[in-house]
Amino acid sequence: MMAKNQGLALGIAAMALYIFGGILTFIGLYLIVFMHGSDVLGWGEGRSLGYLFFCVGISLSVMGVLFMRIFRNRGLS
354 MMAKNQGLAL
364 GIAAMALYIF
374 GGILTFIGLY
384 LIVFMHGSDV
394 LGWGEGRSLG
404 YLFFCVGISL
414 SVMGVLFMRI
424 FRNRGLS
């Protein structure tokens, strides 16, 4: 019973990672297309932050999908 609860929690965490990565990806695309040349909240230029958010978002989405596949194949969720 404890392994099933742990597997469910890991599955939810993997799904949250996947969704958060997707959100970051689209924020990054928005910054690349529409905010080039302007400052974003004092953090830096919009295009460079966009590339950062895009790459991190894609990485998190891929990691979330891989975690979901691993947990499913191991029978954890």
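For the sequence shown, my numbering assigns the number 354 to the initial residue and increments by one for each residue that follows. Glycine is no exception: its CB is placed at the ideal position from the N, C-alpha and C atoms. Keep in mind that this is a model prediction, so the values were computed, not measured.
In chain order, Leu402 place their CB closer than 7 Å to the CB of Trp396, counting only its own chain and leaving out the 5 sequence neighbours on each side. The region 359-370 makes no contact with the region 383-397: fewer than 3 CB pairs, one atom from each, lie closer than 8 Å. Going by beta carbons, Gly410 and Leu377 fall inside the 7 Å limit.
Ser412 counts as exposed, since fewer than 16 other beta carbons sit within 10 angstroms of its beta carbon. Taking the Cα positions, Met421 is about 14 Å away from Phe373. The C-alpha of Leu361 lies about 19 Å from the C-alpha of Val415.
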